[in-house]
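Residue 0 is where the sequence shown starts when you use numbering that gives the first Met the number 0, and the numbers rise one by one after that.
First comes the structure, then the notes that go with it.
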Amino acid sequence: MDNQKTENILNIFSEALASHGLNVLSTDEQGFMLIQKGEDTLKINAGNLVKEYLQTGDDTPAKTLAAALAEHGAEVPRNWEKAKESVYMSFQNHEFDFSTLIHIPVTAMLAAVFVYETGGSQVYITQNELDTWKIDGETLRDQAFANAEALLRQSSINATAVEDHELIYIDTEAHALKGALLFSYGFKEQMGVQLGYPFYGIFPARDFFYVFAEANLDFFCNRLGGVVKEEYLATGYPATTEILKFTQDDVTAIGAYEIE
Numbered sequence: 000m001d002n003q004k005t006e007n008i009l010n011i012f013s014e015a016l017a018s019h020g021l022n023v024l025s026t027d028e029q030g031f032m033l034i035q036k037g038e039d040t041l042k043i044n045a046g047n048l049v050k051e052y053l054q055t056g057d058d059t060p061a062k063t064l065a066a067a068l069a070e071h072g073a074e075v076p077r078n079w080e081k082a083k084e085s086v087y088m089s090f091q092n093h094e095f096d097f098s099t100l101i102h103i104p105v106t107a108m109l110a111a112v113f114v115y116e117t118g119g120s121q122v123y124i125t126q127n128e129l130d131t132w133k134i135d136g137e138t139l140r141d142q143a144f145a146n147a148e149a150l151l152r153q154s155s156i157n158a159t160a161v162e163d164h165e166l167i168y169i170d171t172e173a174h175a176l177k178g179a180l181l182f183s184y185g186f187k188e189q190m191g192v193q194l195g196y197p198f199y200g201i202f203p204a205r206d207f208f209y210v211f212a213e214a215n216l217d218f219f220c221n222r223l224g225g226v227v228k229e230e231y232l233a234t235g236y237p238a239t240t241e242i243l244k245f246t247q248d249d250v251t252a253i254g255a256y257e258i259e
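The structure is reproduced here in structure tokens:
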């Protein structure tokens, strides 16, 4: 990782926050920033900002996030009708501290959590939010899937080829919500038609995945290990090093790349 560029984007983000009257209290080695906003302290993981800046050199996402935090902060609306269209499913590695978060195990390494998304910032949803909204977990899950379907309609499903073997991926402006799209009903149904069941995929980071047909399983299993490890280690939001198998009924892991 380029330490100078990392320091540069964190400084740009800090200056953008300061321009909106927000102060950075501290930043740890993992990229977590404590930000003072009035009487509140926000905890933000800047890992994705760093990763995107290293890839593109564009500091716009950092400035956009700073503006969104200043306008919206990390406050979740207390009214379910106001909050529900911004509720999504996200995914975390099994080593994440789930504590009071509403979460659903997916594989041995991966679990689904629920987030409130606002301006590129995500707030994890706990039982406290469900109690405030007076809803149950099933209502939360159903709304998150409905929002993923709406987001999928605004995104594009694309393909690339490696030696005539097809990889499928999604382009979306909501990079942090790619996992919600990967596990959405609409994407799964479309891949079932396009690739057939079962199909397979890798999902090393919250903003990165590929899926491919069973006919290409051996080919890609022997070639994607380096990509999985690189993305998994580089991101502030690691998902899983597993190779995922998607059937009509569920998702399982058939193996995993080892991280040394």
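C-beta: ideal position from N, C-alpha, C; glycine also.
Taking a cut-off of 8 Å for Cβ pairs, the segment 32-45 and the segment 11-22 touch, as three or more such pairs fall below it.
Non-local beta-carbon contacts of V250 in its own chain, meaning distances under 8 Å to residues more than five positions away in sequence, involve V105, T106, F182, L243 and K244 in chain order.
Between the beta-carbon of Q91 and that of A110 there is about 6 Å, and that keeps the pair under the 8 Å contact cut. Taking a 10 Å sphere around the C-beta of K42, we find fewer than 16 other C-beta atoms and assign the residue as exposed. Looking only at G200, E213 and F218, the smallest Cα-Cα distance to T240 is reached by G200.
Under the three-state reduction of DSSP, F219 is assigned to helix. Y231 is classed as buried because its beta carbon has at least 16 other beta carbons within 10 Å across all chains shown.
Your pair E148 and G185 checks out as a contact, with CB atoms roughly 5 Å apart and the cut at 8 Å.
For a cut-off of 8 Å, the C-beta gap from S98 to V114 is around 15 Å, too long to register as a contact. G254 is bridged by DSSP to I242. For I134, there is no enclosing alpha helix (DSSP H), as DSSP marks it with neither H nor E. Excluding the 5 residues flanking it on each side, H164 has same chain C-beta neighbours closer than 8 Å at F211, N215, F218 and F219, in chain order. In terms of Cα proximity to S154, the closest of D135, L176, A143 and F144 is L176.
Y52: member of the alpha helix (DSSP H) spanning G46 to T55, first to last residue. Comparing C-alpha distances from K187 to each of F31, P203 and I156 shows the shortest one belongs to I156.
Leaving aside the five residues that flank P197 on each side, the residues in its chain whose CB is nearer than 7 Å to its CB run, in chain order, E213, K244, F245 and T246. As the crow flies, the alpha-carbon of L24 is around 7 Å from that of M32. Collapsing the DSSP output to three states places E116 in a strand.
By the CB criterion at 9 Å, Y52 and N7 fall inside the cutoff.
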